[in-house]
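> So in the working numbering, spot 728 of the sequence shown is number 728, and the numbers just go up one at a time.
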Amino acid sequence: MLFEHLLDILAEFGGGRGPTGNAAVRFLLAAFFWTTLAYVSGMEWRNRRDGRDRLILLGALLGIVREFVLFGAEYGSYLGYVSFPSVYPFFPPVERVLTMLSGILIAYAFLRYFVGQEFSTFYLRAALPVVAILYIVVALAWLPYLQRQPHTGFGAFWGDMAFRLTQTLLLAVPVAVFVYHRIRTSKIPITLLAATSFLLLDEILMVINLYTKEHYARALAPISHNLHIWAIPIFTWVYWEDLQSREHEARHRSEAIVEAVADGLSIQNRSYEIMYQNDRHRSMFGDEVGQRCYSVLDDTDRPCERCPLERMFATGQAQKIERWLPSLGRYLEISATPLRDASGQIVAGLELIHDLTARRVTERALFESEQRFRNIFQESAEPVLLVSAVSASIVDANEAATSLLGYKKKDLVRKGFTPLMTHSEVSSLQERLLNPELREGFVIERQKMYRQDGEILTLTFNARLIRLRGENVYYCSLWDLTEKVRLDEYWRQSLEKLIQAEKMAFLGTMVSGFAHDINNPNQLVASNISLLSEVWPDAIAALGHIYSNNPGVYLGGLPLAEVAEAVPRAILDIRIGSDRISKIVSNLMAFARSEETTLKDSVYINEVVENAIALLRHRIRKQTEHFIFTPGEGIPTFQGNRQRLEQVVINLISNALESLADQGAAVTILTEYSPETEEVVVQVEDEGAGIPADILSRIQEPFFTTKQGRGGSGLGLTISRVFVQEHGGILSFESRAPAQGTRALIRLPVRKKAEVSSMTYL
């Protein structure tokens, strides 16, 4: 009996018993609670623009719509205002999807605030598509089902069970998460867990009701409806309590911040009465709440002449002044800021008092120090530039610096380092000036700078970081090394000339000995090859007779026919090589005796290059697969020494081959004639390692070599340069390292205009 009375009481609030009109209380009460939650969240959203407030507002609005849809359908039908059969095919799926969306948004809002955005976003992104798909499927299936069974209810349709089970699962997730986090951190309010559990139990009871074919509907419906209704005010309570807690924390933080302010802070009404003081203000003036500010500061009966509060009340704008306060013997900065009510009217002023005494004393000391620095800076005999550590621009220059550089101070300040250095040097210097790791200072031992008159100065650039007028600047002293560098260079060149002279004298003696030592064995080779060339025709005839009787005889693994061709060719190559050795020895002897070179040969440059290539053909095949010779057409012959030019080309090709990293790299030779300058040009270019810039200028010096330990003597390019200069020509090199290759260029003037050769070399 007691249980029946309890169910009757619950039915009064939750519907489910009696006439249909009894459901009005259920819908209107829930709508009232949803409206309350919507109002509170709407006000908070308007004031704070928090995403959680917007979500709760949206969920509450959906809840209100759901209650009024149900109220209009059921109670309107009861009163006869709505044709229930006409709306019944549509509103059950709509009511269920509104209920699900409202619950999901409320759960998402509280998950986002109490658990974290990552999981709550995942929950929302998973739930919304499920609800959308479920609604489309059920709504499309419900109409045909209703047509087949016009007198059935939505509870008998499988779609109602699908909605209920899905909602149960979607509500079970936040309940489980809230339970988990409450066990771990106690951060989740028990009221939030209760409200979410009420919604979950509502759906579970309705699932049981549907499963039992509404056998227990008389008991389950009132309980289920009440769980749904009273979950809403509990959510409102949780939300309101959290808002109050956050407001209390914010107020507490604000008070703590105000009390922690190092300046004196007070709030005064429009009558200039002090309504509030922080600790600093009380320590400065004592406890003066209720007193007028002008009586506290100046012991007068009216506002001071420049009172910032008076001007703030008059203009509505914040005001600030500085003044000397004799009663405290201190400089004070006093600022006044308006405080307004909800309507925008100024009701009070916030006055902030900052003690400037220490700053003023420091500023005065700093000013006096800067004045002393300025006098020393301007009168110093040492050239000095002041450079900003922020922009790397010149901010000042003393008279000694302007005199050294030849520029006026205003030009240095306006143009900076641009006219004093090259672009790359300016960039490099600016990188140093702006490098945080070099803020203590740095020294550039030899920095070139250009005077306004074009003279090149060599300076030591010494930069030290100092503090000037509250900013970091570099104190850059310039020590002029120009004359010292000029003298050092003069003595260096003189010493180098002396060393070169000694080297060349030693080279002459050494070359004479080498030439003599080479010439003797070469004469032996020449005489023996003459004998061999005379003997070979008789030998081959005798061998031919033997071969005719014994065809299987081989010499050195070759048939006699091949031997007959190969040996004469080898004898000829040995003779040519021996003759070349004789010519080289003759040239070395002439080089050592400094004799005048004979330039009486008729030289065709393509033939010279072809001969050099022929002598190096075995080495070329071994070191590169891409050797290209492009002979120019229409190149005239000229008078010169064919053998010496051939030696020059051999040296250049040999160096090019040695620079290659592998056989895939190329060596290219090009010859041409320049009518404008009347010069024959030979270009030897490789794809090798290249020559660094600091070495390129020295490669033609005697005995300079990069092949230490690999047989390099350092004389090949020196001799080549001498041979080219004997012909009135120029030998030059272009290269960039690493791996950019090298280009050697020979330019030879045509000493005698001759007929253009018609020969073509492939």
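Where a beta carbon is used, it is the ideal one built from N, C-alpha and C, also for glycine.
Would you check if the distance between the CB atom of R270 and the CB atom of F235 is smaller than 9 angstroms?
Against a cut-off of 9 angstroms, the Cβ pair of F235 and R270 comes out as no contact.
> Nearest CA to the CA of V115: which residue from I353, H181, T166?
Of I353, H181, T166, the residue nearest in Cα terms is H181.
> What residues match up with R292 in a beta bridge as DSSP calls it?
For R292, which the question treats as bridged, DSSP gives the partners E273.
> At the level of alpha carbons, what is the spacing between V361 and A401?
Roughly 34 angstroms separates the two Cα atoms.
> Taking 9 angstroms as the cut-off, decide whether the C-beta atoms of G103 and L170 are in contact.
In this structure, L170 lies closer than 9 angstroms to G103 by Cβ.
> Could you tell me which whole alpha helix (DSSP H) segments of length 4 or greater appear in the segment 166-253?
Taking only runs of at least 4 residues, the alpha helix (DSSP H) segments lying wholly in the segment 166-253 are 190-211.
> To the nearest angstrom, report how far apart I605 and P537 are at their CA atoms.
Spanning the two alpha carbons is a distance of roughly 36 angstroms.
> So the candidates are T315, R374, A38, F723; which of them puts its Cα closest to the Cα of Q345?
Selected option, being the one with the closest Cα: T315.
> Report the start-end ranges of each alpha helix (DSSP H) in the segment 652-682 that is 4 residues or longer and not cut off at the edges.
The qualifying runs do not exist here; there are none.
> Using CA atoms only, rank isn't needed, just tell me which of V485, R467, I466 is closest to L459.
With distances taken between Cα atoms, L459 lies closest to V485.
> What is the DSSP secondary structure of N398, counted as helix, strand or coil?
Note: N398 maps to coil in three-state DSSP.
> Between the Cα of E44 and the Cα atoms of L543, L58, R580, A693, which residue gives the shortest distance?
Among L543, L58, R580, A693, the Cα nearest to that of E44 belongs to L58.
> With respect to the alpha helix (DSSP H) encompassing G316, which residues constitute its N-terminal and C-terminal limits?
First-last for G316: undefined, no H or E at that position.
> Going by alpha carbons, who is nearest to G470 out of N398, A397, A389?
The shortest C-alpha separation from G470 is found at A389.
> Do you know offhand how far N398's Cα is from S380's?
Their Cα atoms are separated by approximately 8 angstroms.
> For G711, count the other beta carbons within 10 Å of its own beta carbon; 16 or more makes it buried, fewer makes it exposed. Which is it?
Bear in mind that the predicted position of G711 carries a pLDDT of just 48, short of 50, making it unreliable; the figure below should be weighed with that in mind. Exposed is the call here.
> Where does Y145 fall in DSSP's three states?
Residue state, collapsed to three classes: helix.
> Using a Cβ-Cβ cut-off of 6 angstroms (strictly less than) and excluding sequence neighbours within five positions of I584, which residues of its own chain qualify?
There are no such residues.
> For S602, I'd like the list of residues in its chain whose CB is within less than 6 angstroms of its CB, leaving aside the five on either flank, ordered along the chain.
Around S602: T637.
> Does DSSP classify V473 as helix, strand or coil?
Note: V473 maps to strand in three-state DSSP.
> Jot down the residue ranges of each uninterrupted beta strand (DSSP E) in the segment 725-750, minimum 3 residues, whole runs only, in chain order.
If we require 3 residues or more, the beta strand (DSSP E) runs fully inside the segment 725-750 come out as 730-735, 742-749.
> Any contact of the segment 232-248 with the segment 260-268, i.e. 3+ C-beta pairs under 8 angstroms?
Because the criterion of three Cβ pairs below 8 angstroms is not met, the segment 232-248 and the segment 260-268 do not touch.
> In the segment 522-609, which residue ranges form an unbroken alpha helix (DSSP H) of at least 4 residues, counting only runs that do not cross its ends?
Segments of the alpha helix (DSSP H) lying fully in the segment 522-609: 560-593.
> How far does the alpha helix (DSSP H) with V387 in it reach, from first residue to last?
No alpha helix (DSSP H) holds V387; the beta strand (DSSP E) holding it covers 384-388.
> With three or more C-beta pairs closer than 8 angstroms as the rule, is the segment 46-58 touching the segment 85-95?
No, because fewer than three Cβ pairs between the segment 85-95 and the segment 46-58 fall closer than 8 angstroms, the two stretches do not touch.
> Does DSSP put L61 in a helix, a strand or coil?
In this structure, L61 counts as helix in the three-state DSSP scheme.
> Where does P436 sit, in a helix, a strand or coil, going by DSSP?
Looking at P436 - three-state DSSP - the assignment turns out to be helix.
> Using the three-state DSSP reduction, which class does G711 fall into: helix, strand or coil?
Reliability fails at G711, whose pLDDT of 48 lies under 50, so the model's placement of it is uncertain and no value is given.
> By DSSP's criteria, H626 is part of a beta bridge. Which residues make up the other side?
DSSP lists A666 as partners of H626.
> Leaving aside the five residues before and after E687 along the sequence, list all residues of the same chain whose C-beta is less than 6 angstroms from its C-beta, in chain order.
Cβ neighbours of E687 beyond the five flanking positions: A665, A666, G741.
> Short check: CB of L670 to CB of T630, under 9 angstroms?
A contact, by the Cβ cut-off of 9 angstroms.
> Could you name the residues that DSSP lists as bridge partners for V137?
For V137, which the question treats as bridged, DSSP gives no partner whatsoever.
> Check for me: the beta strand (DSSP E) holding R446 runs from which residue to which?
First-last of the beta strand (DSSP E) with R446: 441-450.
> Give me, in chain order, the residues of the same chain whose beta-carbon lies closer than 7 angstroms to that of K408; leave out the 5 immediate sequence neighbours on both sides.
Within the same chain, K408 has close Cβ partners T402.
> Identify the continuous alpha helix (DSSP H) that holds Y108 and give its terminal residues.
Unbroken alpha helix (DSSP H) run through Y108: 91-114.
> Check for me: the alpha helix (DSSP H) holding R340 runs from which residue to which?
Careful: R340 lies outside any alpha helix (DSSP H), inside the beta strand (DSSP E) at 330-340.
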